[in-house]
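Line by line, the protein sequences give chains E and G.
For the first sequence, the numbering used here gives the first residue as 1, with consecutive numbering after it.
For the second sequence, the numbering used here gives the first residue as 1001, with consecutive numbering after it.
We put the beta carbon where it would ideally sit given N, CA and C, even for glycine.
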Amino acid sequence: MVGPNLLSARGLTFAYPGREPVLRGVDLDLRAGEMVAVFGPNGAGKSTLLRVLAGLRQPDQGAVHAGSEALMSLPPRERARRIARMPQGLDHWPDTRVEDLVWGGRYCHIERRFWPGSPSGASTDAQAVTRAMQRTGCEPWRERSVRELSGGQRERVLLARALAQDAPVLLADEPTRSLDPAQQLETFAILRGRAAGTRAVLVVTHDWNLAAQFVDRLIFLAQGQVLADGEPGQVLRPEVLEPVYGRALHFGSMPGGAPLVLPDRSARTD
Amino acid sequence: MKSPGLQSDSVPTPGQTRGPWGLALGLVLLLLVGAGLSMTVGTRADVGLAAAFRSLMAQFGWADPLPAADAWIVGLRWDRTVLTALVGAALALSGGLLQGVFRNDLAAPSILGTTAGASLGASVAILAVGGYGLASLAGLGPAPVLIELGAFAGAAIVTLTVAWLGRVDGRVSVPTLLLVGIAMNAVLGGILAAIQSFALADFEVAKALFAWGFGSLDDKGSAEIAMVAVALFVALLAIPAVARELDLLESGEEDARSIGVHTGRVQAIALLAATLCAAASVAAVGQIAFVGLVVPHILRWASGRSYRRLLPLCLLGGAAFLLVVDASQRHLLGSLRLRPGVTMSLVGGPFFLLLLMADRRRLRAW
Chain E
1 MVGPNLLSAR GLTFAYPGRE PVLRGVDLDL RAGEMVAVFG PNGAGKSTLL
51 RVLAGLRQPD QGAVHAGSEA LMSLPPRERA RRIARMPQGL DHWPDTRVED
101 LVWGGRYCHI ERRFWPGSPS GASTDAQAVT RAMQRTGCEP WRERSVRELS
151 GGQRERVLLA RALAQDAPVL LADEPTRSLD PAQQLETFAI LRGRAAGTRA
201 VLVVTHDWNL AAQFVDRLIF LAQGQVLADG EPGQVLRPEV LEPVYGRALH
251 FGSMPGGAPL VLPDRSARTD
Chain G
1001 MKSPGLQSDS VPTPGQTRGP WGLALGLVLL LLVGAGLSMT VGTRADVGLA
1051 AAFRSLMAQF GWADPLPAAD AWIVGLRWDR TVLTALVGAA LALSGGLLQG
1101 VFRNDLAAPS ILGTTAGASL GASVAILAVG GYGLASLAGL GPAPVLIELG
1151 AFAGAAIVTL TVAWLGRVDG RVSVPTLLLV GIAMNAVLGG ILAAIQSFAL
1201 ADFEVAKALF AWGFGSLDDK GSAEIAMVAV ALFVALLAIP AVARELDLLE
1251 SGEEDARSIG VHTGRVQAIA LLAATLCAAA SVAAVGQIAF VGLVVPHILR
1301 WASGRSYRRL LPLCLLGGAA FLLVVDASQR HLLGSLRLRP GVTMSLVGGP
1351 FFLLLLMADR RRLRAW
């Protein structure tokens, strides 16, 4: 059952300075209890959309509302308490312990104190951190420097931090990029578990087949516009995808009934 | 376990992580040793630690006062010792803060143009009052105050200008800031050279300008001490407001903002505090390089990267470092004593070069 709107975007347009617009009038709603995936070709504006939705970029036109409040009017901490973002890697991986990085997710909740609370304490913060690390399987490396971890391990640490942030809205940018199939399923299962009750998850991904097995809705973004927004079965159809990808796709279904769309060499017409 | 080759400088790995208290205690001891050395520097070898101690007791009426001549000497040494400690702490804190703002271990007040700005301000003032000579020695007259105000104004104006020019889209952009700082240093260097070449006509003025460039901890009084102490106190208040945030900024500005850090405000506060410290130090004692660069660097090795530890430790470490280096130099070289700016360049320069050599792999990744 879907609940009230947690995040709603209307008429979003955005261009990086001196460039062509990346987003051209995007409307989007994310309701409590929902898990939604955004997919589309490279350069479609997926990551930019996520930045705007997270309040990290001011849209040129349109606005994002978190509940009833305009996102850009919220102070950073308040915004972070409502929206967690799992980025696609970091600009710079600091020389910090895994546990300390995950604690970063609690920054927006912790009242200003010079010395951090001891992680061994029974505070809500420590519990959230421990739970997030256990859920994502980061516990064994909690003492290690994030720089020593593999790409897949780092992705799970960023997921742990986003979970520890404990915001109603979780935005994830390509969360399964460096993961093996079992880990991809595990990550999507974690995100699916998050999208319940008063929480919702929006994930940007290339892997529509994986997403289709978990999400309530798929949003197809191409050239900065929403071309389709609906249940996976309604979106992963030739009428929707072929105008963008051409006739190079095979349409089938998984044993469980989820749609399955694969690149098909024999169907190419060029 | 991990292979040593993969390890960059200061990962606080298990077993290697130490509480900051042991290190802090060590630094306090070093600070006391440095203060002791500094209190016994001078031609009157008979005025030693005992005299200093008795003078301290006498302040509270617990001992008979020293003979006037001895008391005068002890007073001068106290001033010098206290000022050295304060300047060392201020420079190290300034460097630590700037390294956090720039997310760059090699940042220092000199990169922003703070030091050059202070020197230019001071030089203009020296030129205006016609030298730094006797008035300063006696601690009298408006000349020293004017020169210090000039240095302060120069440092503040340059730093704020650089920070303002470095803003892109309403945010401080670190690469732009660094480039603007380099350009500003070049411009200021040219103006400074012009002033110095004009000044060659007047021996007294030229001498004062040169002296400023080497730094001096001698012949300073309560005015200089108060100036650095006030700046340091104000900067100290900034530490709790920025330390945790500087840690979070390590993973990038956008990422820090996404978890709720008010990045613009944090960078502004840290930048202002760093400028205040550097400007007050340069204004009080002239140019002393490398303290702001080397001290945070060493402390990072010993205590890990967290600014929550690093910034407070910088206060102790900077004070201890400048005291020990300057006082031992004076003991070792006797009457040949070097200006502190020169000592620090001779000691700090090669040390810094060694750091760079050890760190080359990481630098390549810039």
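{"Asked": "Cross-strand partners of residue 230 of chain E (DSSP beta bridge)", "Found": "E/218"}
{"Asked": "Amino acids of chain G, ordered along the chain, whose beta-carbon sits closer than 8 angstroms to that of residue 87 of chain E", "Found": "1254, 1255, 1258"}
{"Asked": "Proximal residues to residue 1296 of chain G (C-beta, below 7 angstroms), its chain only, five neighbours per side dropped", "Found": "1092, 1095, 1096, 1099, 1310, 1314"}
{"Asked": "Collapsed DSSP secondary structure at residue 1332 of chain G in the structure displayed", "Found": "helix"}
{"Asked": "Where residue 213 of chain E falls, given that 16 or more other Cβ within 10 Å makes a residue buried", "Found": "buried"}
{"Asked": "Whole-angstrom distance between residue 162 of chain E and residue 253 of chain E, CA atom to CA atom", "Found": "32 angstroms"}
{"Asked": "Cross-chain neighbours of residue 1262 of chain G in chain E, by beta carbon under 9 angstroms", "Found": "75, 76, 77"}
{"Asked": "Limits of the unbroken beta strand (DSSP E) element including residue 61 of chain E", "Found": "61-66"}
{"Asked": "Between the CA atoms of residue 1102 of chain G and residue 94 of chain E - distance to the nearest angstrom", "Found": "14 angstroms"}
{"Asked": "8 angstroms contact criterion, which residue 171 of chain E and residue 85 of chain E should meet: CB distance rounded", "Found": "5 angstroms"}
{"Asked": "CB contact below 8 angstroms: residue 91 of chain E versus chain G", "Found": "yes"}
{"Asked": "Proximity below 8 angstroms, CB of residue 1358 of chain G to CB of residue 1279 of chain G", "Found": "no"}
{"Asked": "Min CB distance residue 1251 of chain G to chain E below 8 angstroms", "Found": "yes"}
{"Asked": "Whole-Å CB distance - residue 3 of chain E paired with residue 32 of chain E, under 8 angstroms assumed", "Found": "3 angstroms"}
{"Asked": "Residue 1248 of chain G: contacting residues in chain E (beta-carbon distance under 7 angstroms)", "Found": "104, 107"}
{"Asked": "Simplified DSSP state of residue 165 of chain E, which is helix, strand or coil", "Found": "helix"}
{"Asked": "Residue 258 of chain E (DSSP reduced to helix, strand or coil)", "Found": "coil"}
{"Asked": "Rounded distance between the beta-carbons of residue 208 of chain E and residue 261 of chain E, thought under 8 angstroms", "Found": "6 angstroms"}
{"Asked": "Bounding residues of the beta strand (DSSP E) (the contiguous stretch that carries residue 25 of chain E)", "Found": "21-31"}
{"Asked": "Cβ shell of residue 1140 of chain G (< 7 angstroms), same chain only, five flanking positions each side left out", "Found": "With a pLDDT of only 44 at residue 1140 of chain G, under the threshold of 50, the placement of this residue in the model should not be trusted, and no figure is reported."}
{"Asked": "Extent of the continuous beta strand (DSSP E) run through residue 274 of chain E", "Found": "In this structure chain E extends from 1 to 270, so residue 274 of chain E is not present and cannot be described."}
{"Asked": "Between the CA atoms of residue 1021 of chain G and residue 1164 of chain G - distance to the nearest angstrom", "Found": "39 angstroms"}
{"Asked": "C-beta atoms of residue 215 of chain E and residue 232 of chain E nearer than 8 angstroms", "Found": "yes"}
{"Asked": "Element boundaries [alpha helix (DSSP H), containing residue 1354 of chain G]", "Found": "1340-1358"}
{"Asked": "Residue 94 of chain E at chain G interface by Cβ criterion, 8 angstroms", "Found": "yes"}
{"Asked": "Spatial distance of residue 1300 of chain G from residue 6 of chain E (CA atoms)", "Found": "43 angstroms"}
{"Asked": "Contact set for residue 166 of chain E: own chain, Cβ-Cβ below 6 angstroms, skip 5 residues either direction", "Found": "128"}
{"Asked": "Partners in chain G for residue 153 of chain E, counting only beta-carbon separations shorter than 8 angstroms", "Found": "The contacting residues do not exist; residue 153 of chain E stays about 14 angstroms from chain G at best."}
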